[in-house]
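Below is one structure, written out as structure tokens; comments come after it.
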Amino acid sequence: MTQERHAVVVIDMLNDFVQPQGALTCHNARAIVPKIQEVIAFAREQGIQVIFVQESHREKDADFRVRPVHAVRGTWGSQFIPELQPREDLGDYVIHKRRHSGFSYTDMDLFLREEKIDTIVTTGVWTNVCVRSTASDAMYLGYNVICLSDATTSQDEAMHQAGLRDISLFGKIMTVEEYEAYWRKSREVPQTA
57 MTQERHAVVV IDMLNDFVQP QGALTCHNAR AIVPKIQEVI AFAREQGIQV IFVQESHREK
117 DADFRVRPVH AVRGTWGSQF IPELQPREDL GDYVIHKRRH SGFSYTDMDL FLREEKIDTI
177 VTTGVWTNVC VRSTASDAMY LGYNVICLSD ATTSQDEAMH QAGLRDISLF GKIMTVEEYE
237 AYWRKSREVP QTA
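Note that this note's numbering has the sequence shown beginning at 57, numbered continuously upward.
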């Protein structure tokens, strides 16, 4: 049996979504930063790929017809928060997106296939929008999906739970602690009698 190959995906932990003065602040986002830091540290220690997804719009993006201007490429709002910076020197990979899903018109699928990754582990904001969209597209493309319930969040608990409920229809919902235990157990060598 082949072992799963995972990527921890950090979705939109950007100034415009996390900082109080951000254009689309997710008011619960600061609370999940320690859990995301924990799972990133675990991933790096275990040799799991870490991918940072960065919403990065053009100035007159069509997205702004329905939502406020946010995360414009090259602005403060589109930058990752100081506590969660990609480390390309440690192998982290950055995906730039202009739509909700980390797969939509990006090279996420190509990168995962090149690296022979079959499972994405989602973290970040907003559970019911960008996290769910990324998870759904992953499933459509044939990837396994794990969503970390204590490393994702939305504007309020009802939105968060709605996103988790949707993802649970096709993916596994775990806490960071449960995920770390799941990963370690999957790496155990079976004992022969």
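Quick reminder that beta carbons are idealized off the backbone N, C-alpha and C, glycines included. A quick note: this is a predicted structure, and the numbers were derived from the prediction, not measured.
Alpha-carbon to alpha-carbon, residue j and residue i
{"i": "Arg243", "j": "Gln105", "result": "16 Å"}
{"i": "Ala127", "j": "Trp239", "result": "33 Å"}
{"i": "Asp163", "j": "Ile151", "result": "7 Å"}
{"i": "Glu144", "j": "Glu115", "result": "27 Å"}
{"i": "Glu60", "j": "Lys241", "result": "12 Å"}
{"i": "Glu101", "j": "Leu146", "result": "10 Å"}
{"i": "Glu94", "j": "Leu204", "result": "12 Å"}
{"i": "Val122", "j": "Thr58", "result": "44 Å"}
{"i": "Trp132", "j": "Asp222", "result": "32 Å"}
{"i": "Thr209", "j": "Leu168", "result": "24 Å"}
{"i": "Glu139", "j": "Ile229", "result": "25 Å"}
{"i": "Glu213", "j": "Asp72", "result": "20 Å"}
Residue closest to residue i, alpha-carbon to alpha-carbon, out of the options
{"i": "Ser199", "options": "Asp174, Ile96, Met215 and Glu144", "result": "Checking the sequence, you will find Tyr at residue 199 rather than Ser. Comparing Cα positions, the closest option is Asp174."}
{"i": "Met215", "options": "Val74, Cys82 and Asn71", "result": "Cys82"}
{"i": "Gly180", "options": "Gln77, Asn84 and Phe120", "result": "Asn84"}
{"i": "Phe226", "options": "Glu234, Leu168 and Val201", "result": "Val201"}
{"i": "Asp119", "options": "Arg129, Gln77, Arg154 and Val109", "result": "Arg154"}
Distance CB(residue i)-CB(residue j) smaller than 9 Å
{"i": "Glu111", "j": "Ser134", "result": "yes"}
{"i": "Ser224", "j": "Ser189", "result": "no"}
{"i": "Ser157", "j": "Asp117", "result": "no"}
{"i": "Pro124", "j": "Leu80", "result": "yes"}
{"i": "Asp68", "j": "Ile107", "result": "no"}
{"i": "Gln211", "j": "Trp182", "result": "yes"}
Assumed close pair residue i, residue j - CB separation to whole angstroms, cut-off 8 Å
{"i": "Val66", "j": "Ile92", "result": "6 Å"}
{"i": "Val64", "j": "Ala97", "result": "10 Å between Cβ atoms; not a contact."}
{"i": "Gly219", "j": "Val177", "result": "So it is not a contact: roughly 15 Å between Cβ atoms."}
{"i": "Ala207", "j": "Val232", "result": "6 Å"}
{"i": "Leu70", "j": "Phe136", "result": "6 Å"}
* **Completely contained beta strand (DSSP E) runs for the region 131–175, where each covers 3 or more residues** => 149–153
* **Residue ranges of each beta strand (DSSP E) within the region 86–140, 3 or longer** => 105–111
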